Amino acid sequence: MPTGDILPLLIALFGLVAVGQLLRLTGAVPTSAPDVLARLILTVTMPALIVVILADARFEPALVPAVLACTVALLGACALGVLLMRSRGASRPAQGAAGVTAAFANTAFLGVPFVLAVFPGSRGAATAAVIIDTVDTTILLLTFGVAFAGAMARPRAPVRSPLGPRLLRAGGSLLRQPMIVAVLVGLALAVSGLAIPAALARPLAQVGQTTAVLAFLTIGLGLDLRSLRGQTVPLAGIAAIKLLVAPAIACLVLLLLDVRGDVARTAVLQAAMPTAVVSAIIATNAGCDAQLAAAASVVTTLLSLATLPLVLACLQAIGL
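Note that the sequence shown covers residues 180 to 499 in my numbering.
This is the structure we're talking about:
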C-alpha cells in the first residue's frame with residue numbers, strides 16, 4: 180500500500196481512539212468499559228480472528244526470520260530501556276517499567292488489525308502478524324516479561340524455587356489463554372488441511388472483523404492523559420526506543436538475513452507498534468513504577484500516529 184494511502188487509514192483508526200477518549204472524558208460510558216471491552220476482545224473476537232487467519236495460513240520461508248527479527252528487537256529494546264533509566268539514576272522498579280514498556284508492543288489490539296488493513300489479502304502478512312503476536316507478545320510477555328518485571332521490582336536475590344515447577348506453572352497459564360487455544364486450533368486446521376465448517380466460518384469471520392473497531396475504541400477509553408505529568412524526559416527516551424529504535428533493529432536483522440517482502444515489512448511494523456497495555460499492567464502488578472508504565476503506554480500510542488507512517492515510508496525507501 181502506498182504511503183499516501185496510509186494516512187486516511189491511520190486517521191480512521193485513530194479517529195476511533197479519539198471517539199473512545201471522548202466517551203471517557205464525557206463519562207458517557209461506565210469506567211469499567213475499557214476492561215469489559217478488552218476482555219471481550221481477548222476472549223472472543225481476537226481468538227475468532229486468529230482461527231480464521233491461521234486456518235487459511237500461508238507459511239512463507241520468511242516467517243522464521245521475521246519472528247527472529249522481532250524477538251531481537253524486543254530484547255534489545257528491553258535492555259535499552261533499562262540502560263536509559265539507569266543512566267538517570269532511577270530505581271530498579273523504574274528501570275523495570277522502562278524495560279518492559281520499551282520491549283513489548285501492542286501487536287494484537289493495534290498490530291494485527293493494522294497489518295490486515297495495510298496488506299489486504301496478503302495471507303503471508305496476516306499469518307506473520309498473528310505468529311509474531313503469539314510468540315513475542317503473548318508467550319514472551321507472560322514468561323520473560325513477568326519474570327523480568329518481578330525481578331526488577333525487588334532487590335536482587337537468589338531464586339529459590341525449582342525451575343521445573345515454575346516452567347509447568349507458566350505452561351499451564353499459557354494454555355489457559357483463549358488466544359493461545361485459538362492459535363493451536365488454527366494451526367491444527369492449517370496443518371491438517373481441514374476447512375472450518377461452513378456453519379462456523381461466516382460467523383467466526385464476522386465476529387473476528389469487529390476486533391479492529393473494538394480494539395481502537397478500547398485504546399481510547401483506556402488512555403489516561405494525567406499519567407503524562409512530570410515524566411517528559413524518560414517518556415521521550417522510552418518512546419524513541421519503542422517506536423523508532425526497535426523497528427530499526429528488526430529491519431537491520433532482516434536486511435542482514437536478506438529477507439524482504441510483505442512478511443518482512445510486517446515484522447518491522449509489529450516491532451514499531453506502541454507499548455502493549457498489558458505490559459504496563461504486568462509491570463504495575465509486579466511492583467515496578469506504575470506511573471511510568473502507564474504513561475509510556477499512553478505516550479507511545481499517541482506518538483505512533485506520526486511514527487507508523489514514517490516507518491512505512493522508510494520501508495518503501497529501502498525496498499524491504
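Just so it is clear, CB atoms sit at the ideal spot from N, CA and C, and this is done for glycine as well. This structure is a prediction, so every number in the text was calculated from the model and none was measured.
Contacts around Leu396, its chain only, beta-carbon distance under 6 Å, and the 5 residues preceding and following it disregarded:
As a working note, residue 396 is residue 217 in the sequence shown. Excluding sequence neighbours, Leu396 sits near Leu195 and Gly199.
Nearest to Arg265 by CA position, among Ala277, Leu254 and Val477, is which residue?
Counting from one through the sequence shown, the residue named residue 265 turns up at place 86. Comparing Cα-Cα distances from Arg265 to each of Ala277, Leu254 and Val477, the minimum goes to Ala277.
Contact between the stretch 467 to 485 and the stretch 418 to 434 (3+ Cβ pairs under 8 Å)
yes
Roughly how many whole angstroms lie between the Cα atoms of Thr204 and Thr210?
Here residue 204 is taken as the residue at index 25 of the sequence shown, counted from 1. Here residue 210 is taken as the residue at index 31 of the sequence shown, counted from 1. The sequence as given places Leu at residue 204; Thr does not occur at that position. Roughly 10 Å separates the two Cα atoms.
Go ahead and pull the three-state DSSP assignment for Ala394.
Position 215 of the sequence shown, counting from 1, holds the residue named residue 394. Helix, per DSSP.
Pairwise C-alpha distance: Ala475 and Ala269:
Within the sequence shown, residue 269 is the residue found at index 90, counting from 1. Within the sequence shown, residue 475 is the residue found at index 296, counting from 1. Their Cα atoms are separated by approximately 16 Å.
Terminal residues of the alpha helix (DSSP H) in which Phe327 lies:
Position 148 of the sequence shown holds residue 327. Run containing Phe327: Val325 to Met331, per the alpha helix (DSSP H) assignment.
Step through the CB atoms of chain D and report whether any lies within less than 7 Å of the CB of Pro272.
Among the chains of the structure shown, chain D does not appear; only one protein chain is present.
Would you call the stretch 371 to 386 in contact with the stretch 433 to 445, where contact means no fewer than 3 C-beta pairs closer than 8 Å?
no
Would Ser458 be called buried (16 or more neighbouring beta carbons within 10 Å of its own) or exposed?
Within the sequence shown, numbered from 1, the residue matching residue 458 stands at position 279. So Ser458 counts as buried.
Inter-residue spacing [alpha-carbon to alpha-carbon] between Pro488 and Gln495:
Locating residue 488 in the sequence shown gives position 309, where the first residue counts as 1. Locating residue 495 in the sequence shown gives position 316, where the first residue counts as 1. Between Pro488 and Gln495, the C-alpha separation is close to 11 Å.
Just list the beta strand (DSSP E) runs in the stretch 186 to 231, keeping only unbroken ones of 3 residues or longer that don't cross its boundaries, in chain order.
none
Cutting at 8 Å between CB atoms, please list the residues of its own chain near Val261, excluding the five before and the five after it.
One-based indexing of the sequence shown puts residue 261 at position 82. Only Gln274, Gly275, Ala277, Gly278 and Met331 meet the Cβ criterion.
Closest to Ala305 by C-alpha separation, out of Phe238, Leu319 and Ala361, would be which residue?
As a first step, residue 305 is located in the sequence shown; it is residue number 126 there, counting from the start. Taking only the C-alpha atoms, the option nearest Ala305 is Phe238.
Quick one: what's got a C-beta closer than 6 Å to Thr313's C-beta in the same chain, skipping five residues either side?
Position 134 of the sequence shown, counting from 1, holds the residue named residue 313. Once the five neighbours on either side are set aside, the close Cβ partners of Thr313 are Val362.
For Thr389, which of helix, strand or coil comes out of DSSP?
For this step, residue 389 is matched to residue 210 along the sequence shown. Three-state result, Thr389: coil.
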